[in-house]
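Read in order, the letters of the sequence shown correspond to residues -21 to -1, 1 to 433 in mature numbering (1 follows the signal peptide of the UniProt record, and there is no 0). Cβ coordinates follow ideal geometry from the N, Cα and C atoms, glycine included. Okay, structure first, notes after.
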Amino acid sequence: VFNYALLHVCVLVSVSSSWWGSKRLDFALYCPDVLTAFPTVALPHLFHASYWESTDVAAFVLRQLMRCDCVKTQEADHLDSAPLSPSSPREKWQRRRTHVKLRNVTANHRVNDIIATEDGPQTVVGRFMYGPLDMVTLTGEKVDVLLMTQPQSGRWVYFDTEVTNSSGRVVYTIPKSKKLGLGVYPIKMVVKGDQTFAEAYLTVLPRGMECVVFSIDGSFAASVSIMGSDPKVRPGAVDVVRHWQDLGYLIIYITGRPDMQKQRVVSWLSQHNFPHGMIFFSEGLVHDPLRQKTIFLRNLIQECHIKINSAYGSMKDISVYNMLDLSPSQIYIVGRPSKKYQNQCQFLSEGYAAHLSTLQFGHRARPKKSPSVRMVLRKGSFGLSAKPDFLCKRTHLRRTMSVQQPDPPCTPNPKPERAQSQPESDKDHGGGGGGSGGQGAWGRAPIHRGDTTP
């Protein structure tokens, strides 16, 4: 009996080393509880849309192995993990009332993405609020400012500690002795009282950098999802953005939505594997979001000396792009053609798939930029560090099925059969990869009635 038991143990050890050893990888795909109410016949189509079209399988697996926001090179170099908290531990609140004000409310902090030049000011602006509708303002409290000066190392560098003003804002200008060179640098601002934080990116560009602008609601959102918080993405939208990124252009996402929805919108872009870019919102609820878009883009052109190569959006964005002196050949509008605007833009009536073929094989595509320019920009997709629970914690579909569009008429140029969502840099290495939504598509925060299409 003893010999039999010993033999049995040896067999188990042998099997375990083969099937449950260090070389085995197990992945569990997230499945919301609401899917149990769906018929089993519909599940394969839902899974295909969720895990293949919106985010191809290779990219999904890679994101489980590597964090997009922090490349763990310190493990290879036997270095300690980079601290994600400030240099000092949690401290007491500066004001006694703060502890009472923050009971039963969640943080909704945000830091604006920044575009700057080497010789210009590099200013970080953050706002620290609590509650779904910014009901509580963090006033007179300390906030640590950290930047990842060497993104490849994943190490956060402490810069300074600031105190929030009466509106919960912190404005910090990087001193001349610490100014950053060309590149994309993650920013983290951490509240010392409870260790909540907000993240953003500082992009330092050379003069004359070319960019492509996308209006988030007008370009990407096709409709509101089943539960009203995860709008469908237009088929092929991710591939078009990825195409421009692979050519070396800076991607700028802009929306008229209030900045209180930043975490929700960034989570949505991350869930659908959109390429990384700079995201800009309106500061609070505004009466005329189109005017705010125009002012913001014009300031970028004048102060940061960028050049807009192409711009995407809905028909309401045409006036914005016209004010920036863009030619009709540079403006792409998603939706049905309108005689009123047919001479002011190019309508993408056949969808993004046909447009991508035109970009790849037509006169709009051009050779890639030089490696020095391409190294400035951050490749890849949005990381999942920006509080993805905004979309994950609810019992609803994280990603809905893409809207099916009629097949466009045959043209000499070949059409991609499905979304590729794969960066060209990954293709070279043989690895995988990437209008108007209804009011409150990403959240329940109210939007001004005149702001139906940000």
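Is the beta carbon of residue i sitting closer than 8 Å to the one on residue j?
i: residue 101; j: residue 159; result: yes
i: residue 91; j: residue 109; result: no
i: residue 89; j: residue 177; result: yes
i: residue 119; j: residue 74; result: yes
i: residue 263; j: residue 238; result: yes
i: residue 157; j: residue 140; result: no
i: residue 190; j: residue 228; result: yes
i: residue 260; j: residue 241; result: yes
Can you name the start and end residues of the beta strand (DSSP E) that residue i belongs to?
i: residue 197; result: Counting along the chain, residue 197 falls outside any beta strand (DSSP E), though it belongs to the alpha helix (DSSP H) covering 195 to 198.
i: residue 135; result: 134 to 142
i: residue 234; result: 229 to 237
i: residue 179; result: 176 to 184
i: residue 291; result: 286 to 292
i: residue 129; result: 121 to 129
i: residue 165; result: 162 to 170
i: residue 95; result: 93 to 96
i: residue 104; result: 102 to 106
i: residue 280; result: Per DSSP, residue 280 belongs to no beta strand (DSSP E); it is in the alpha helix (DSSP H), 268 to 282.
i: residue 310; result: 310 to 313
i: residue 69; result: First-last for residue 69: undefined, no H or E at that position.
i: residue 15; result: Where residue 15 is concerned, there is no enclosing beta strand (DSSP E), given that its DSSP letter is neither H nor E.
Go through its chain and collect everything with a Cβ distance to residue i's Cβ below 6 Å, but skip five positions before and after it.
i: residue 69; result: 174
i: residue 148; result: 106
i: residue 125; result: 135, 137 and 167
i: residue 55; result: A caution first: residue 55 carries a pLDDT of 40, below 50, which makes its placement in the model unreliable, though a value can still be read off. Cβ within range, chain order: n/a, list empty.
i: residue -14; result: none
i: residue 193; result: 232 and 291
Pull up the CB-CB distance for residue i and residue j, whole angstroms please, since I reckon it's below 8 Å.
i: residue 151; j: residue 103; result: 5 Å
i: residue 320; j: residue 297; result: 6 Å
i: residue 21; j: residue 283; result: So it is not a contact: roughly 48 Å between Cβ atoms.
i: residue 285; j: residue 188; result: 5 Å
i: residue 323; j: residue 301; result: 6 Å
Just to confirm my understanding: we take residue i, look at its own chain, exclude 5 residues before and 5 after, and list those with CB closer than 7 Å. What are they?
i: residue 113; result: 87 and 239
i: residue 315; result: 328
i: residue 145; result: 118
If you follow the alpha helix (DSSP H) that residue i is part of, which residue opens it and which one closes it?
i: residue 252; result: Premise fails: residue 252 is in no alpha helix (DSSP H) and is neither H nor E.
i: residue 77; result: 75 to 80
i: residue 188; result: No alpha helix (DSSP H) holds residue 188; DSSP gives it neither H nor E.
i: residue 325; result: Where residue 325 is concerned, there is no enclosing alpha helix (DSSP H), although the beta strand (DSSP E) it sits in stretches over 325 to 327.
i: residue 297; result: 297 to 302
i: residue 320; result: Careful: residue 320 lies outside any alpha helix (DSSP H) and carries neither H nor E.
i: residue 515; result: With the chain running from -21 to 433 in the structure shown, residue 515 is simply not present.
i: residue 337; result: 331 to 340
Cβ contact (3+ pairs, closer than 8 Å) linking the region 241 to 256 and the region 274 to 283: These segments do not touch.
Any 3 or more C-beta pairs closer than 8 Å across the region 64 to 84 and the region 261 to 272: Because the criterion of three Cβ pairs below 8 Å is not met, the region 64 to 84 and the region 261 to 272 do not touch.
Sufficient close CB pairs (3 or more, under 8 Å) joining the region 129 to 148 to the region 173 to 188: Contact between the region 129 to 148 and the region 173 to 188 is absent, because fewer than three Cβ pairs lie under 8 Å.
Three or more C-beta pairs below 8 Å linking the region 208 to 219 and the region 311 to 331: With a cut-off of 8 Å, the region 311 to 331 and the region 208 to 219 count as touching, because enough Cβ pairs lie within range.
At least three beta-carbon pairs within less than 8 Å, the region 289 to 307 to the region 165 to 176: Segments in contact, no.
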